[in-house]
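Shown next, in structure tokens, is the structure this report addresses.
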Amino acid sequence: MRSAPTIRTGENRPRKPPTTVPDVHSGRWLLHTGRVSLAIDNGTAVNSALVDAVAFARDALIADGEQPGEHLGATAEGEFAATHYFAAQVPGYRGWQWCVVVAGAPDSTELTVSEAVLLPGDGALLAPEWVPWVDRIAAGDLGPGDTLAAPDDDPRLVPGQIDTLDVDPIDRDQVGQVAAEIGLGRKRLLSFDGRAEAAQRWHDGEYGPASEMARSARHSCGTCGFYLPIAGALHGAFGVCANEMAADGRAVSVDYGCGAHSDVRAATGAGSPAYDAYDDGAVEIVTLPKPAAAPEVASSEAETSESSDPNAPSES
Numbered sequence: 065m066r067s068a069p070t071i072r073t074g075e076n077r078p079r080k081p082p083t084t085v086p087d088v089h090s091g092r093w094l095l096h097t098g099r100v101s102l103a104i105d106n107g108t109a110v111n112s113a114l115v116d117a118v119a120f121a122r123d124a125l126i127a128d129g130e131q132p133g134e135h136l137g138a139t140a141e142g143e144f145a146a147t148h149y150f151a152a153q154v155p156g157y158r159g160w161q162w163c164v165v166v167a168g169a170p171d172s173t174e175l176t177v178s179e180a181v182l183l184p185g186d187g188a189l190l191a192p193e194w195v196p197w198v199d200r201i202a203a204g205d206l207g208p209g210d211t212l213a214a215p216d217d218d219p220r221l222v223p224g225q226i227d228t229l230d231v232d233p234i235d236r237d238q239v240g241q242v243a244a245e246i247g248l249g250r251k252r253l254l255s256f257d258g259r260a261e262a263a264q265r266w267h268d269g270e271y272g273p274a275s276e277m278a279r280s281a282r283h284s285c286g287t288c289g290f291y292l293p294i295a296g297a298l299h300g301a302f303g304v305c306a307n308e309m310a311a312d313g314r315a316v317s318v319d320y321g322c323g324a325h326s327d328v329r330a331a332t333g334a335g336s337p338a339y340d341a342y343d344d345g346a347v348e349i350v351t352l353p354k355p356a357a358a359p360e361v362a363s364s365e366a367e368t369s370e371s372s373d374p375n376a377p378s379e380s
């Protein structure tokens with residue numbers, strides 16, 4: 065925030081403490097606490113000199129080295145103060161406006177500037193709301209070479225010697241399962257060739273070991289806690305990813321991998337380990353001089369050159 069002009073206090077007289085309004089719905093008021101609050105109108109009679117002091121407020125900005133634009137309006141801040149708004153002509157502050165608070169004292173004709181600040185207006189260019197890192201990552205953000213470590217206390221992961229819920233019980237009506245596979249259930253089953261073709265497609269596809277994501281990963285799916293092996297003949301070659309930030313719900317090769325493996329650990333230390341810090345204050349705005357205009361040939365010189373040409377046609 066830019067510095068405000070020097071405050072002129074006028075005559076030395078006791079000052080009243082800041083005024084507060086218990087019920088803000090009963091009217092509009094400005095409490096001077098060092099920052100400008102939103103102005104509200106409570107219908108109090110205002111000294112017209114405060115609202116008309118456009119030139120006075122503009123001069124306060126100019127005295128501080130600023131270049132205010134057009135006057136956008138004035139708002140009464142009670143009986144003894146008014147706020148003037150000017151368009152800001154500051155590079156990089158599109159849509160912002162200067163706010164100058166002009167105040168006066170009872171029984172005095174002298175005006176003072178309480179403060180001058182640069183505030184965002186309608187359509188101002190503002191920085192987006194800050195989002196914590198843990199909430200920024202979404203499904204689909206993971207790219208080749210990226211790493212996304214799961215928290216140490218991630219409730220989706222438990223030590224391997226504890227969790228056995230994804231393993232089928234030893235006996236769960238195995239007779240009925242076999243009967244279904246030999247024709248008492250589905251009428252047609254996937255043949256050996258069908259399984260081989262599907263396995264080849266999956267192996268050569270986006271979630272196979274030859275993909276860019278897998279080639280840039282340090283770990284494979286076969287050792288990942290989010291990997292769910294499929295049943296049947298392809299049990300040892302393929303599984304389903306259960307990480308919502310990675311290949312969630314896709315059939316992945318056991319040799320596939322990505323940066324969201326359950327064994328990936330977050331980098332330690334402050335700052336980004338991959339990129340240098342970007343200092344937006346290091347940009348210097350330089351005004352280039354206008355190029356000099358090319359010299360014009362005098363008309364007398366042009367006429368002389370034409371008359372000296374022996375091949376030039378005669379006017380007679």
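Under the working numbering, the letters of the sequence shown match residues 65 to 380, in that order. Backbone N, C-alpha and C define an ideal beta-carbon position, used for all residues, glycine too. Remember, predicted model here, so these are calculated numbers, not experimental data.
- Judged by DSSP in its simplified three-state form, Leu125 adopts helix.
- In this structure the stretch 342–352 does not lie against the stretch 314–333, because fewer than three pairs of beta carbons, one per stretch, are closer than 8 Å.
- Judged by DSSP in its simplified three-state form, Gly137 adopts strand.
- When DSSP assignments are scanned along the stretch 301–326, the uninterrupted stretches of beta strand (DSSP E) that are 3 or more residues long and fall wholly within it turn out to be 302–305, 315–317.
- Under the DSSP assignment, His148 falls in the beta strand (DSSP E) whose first and last residues are 145–152.
- In the three-state DSSP reduction, Glu261 falls in the helix class (H, G or I).
- Taking the Cα positions, Glu174 is about 32 Å away from Gly159.
- Fully contained in the stretch 271–305 are the following beta strand (DSSP E) runs of length 3 or more, in chain order: 291–293, 302–305.
- Among the bridge pairs identified by DSSP, Glu193 is matched with none.
- One Cα belongs to Ala281, the other to Glu193, and the distance between them is close to 33 Å.
- Around Glu308, the same chain offers Ala203 as residues with beta carbons nearer than 6 Å, after the five sequence neighbours per side are excluded.
- In the assembly as shown, Ser317 is a buried residue. Its beta-carbon has 16 or more other beta-carbons within 10 Å.
- Judged by their CB atoms, Leu206 and Ala310 are nearer to each other than the 9 Å cut-off.
- Between Gly269 and Tyr157, the alpha-carbon positions lie close to 49 Å from each other.
- Beta-bridge partners assigned by DSSP to Ala167: Ala145, Thr176.
- When the beta-carbon positions are compared, Ala152 and Gly133 come within less than 9 Å of each other.
- Classified as buried, Gly142 has 16 or more neighbouring CB atoms from the shown chains inside 10 Å of its CB.
- Linking Arg122 to Ala357 through their CA atoms gives a straight-line distance of about 37 Å.
- Shown here, Leu114 sits in a helix according to DSSP, grouped into three states.
- Of all C-beta pairs linking the stretch 280–295 to the stretch 161–172, fewer than three are shorter than 8 Å, placing the two stretches out of contact.
- Among the bridge pairs identified by DSSP, Val181 is matched with Cys163.
- In the same chain as Ile201, and ignoring 5 residues on each side of it, the C-beta atoms closer than 8 Å to its own belong to Leu212, Met309, in chain order.
- Comparing alpha-carbon positions, the option among Ala167, Val177, Gly272 lying closest to Ile126 turns out to be Val177.
- Spatial neighbours of Asp210 in its own chain (CB-CB distance under 7 Å, excluding positions within 5 residues in sequence) are listed in chain order as Gly323.
- Shortest Cα-Cα distance from Trp197 to any of Leu182, Pro359, Ala330 involves Ala330.
- The Cβ neighbour count for Thr351, taken over all protein chains shown within 10 Å, is under 16; the residue is labelled exposed.
- Taking Trp162 as reference, the option from Val304, His148, Ala274 with the minimal CA-CA separation is His148.
- Nearest to Asp128 by C-alpha distance, out of Asp216, Ala191, Glu179, Asp186, is Glu179.
- By the neighbour-count definition (other C-beta atoms within 10 Å, threshold 16), Leu292 is an exposed residue.
- Between Val304 and Gly296, the beta carbon gap of about 13 Å keeps them out of contact (Cβ cut-off 8 Å).
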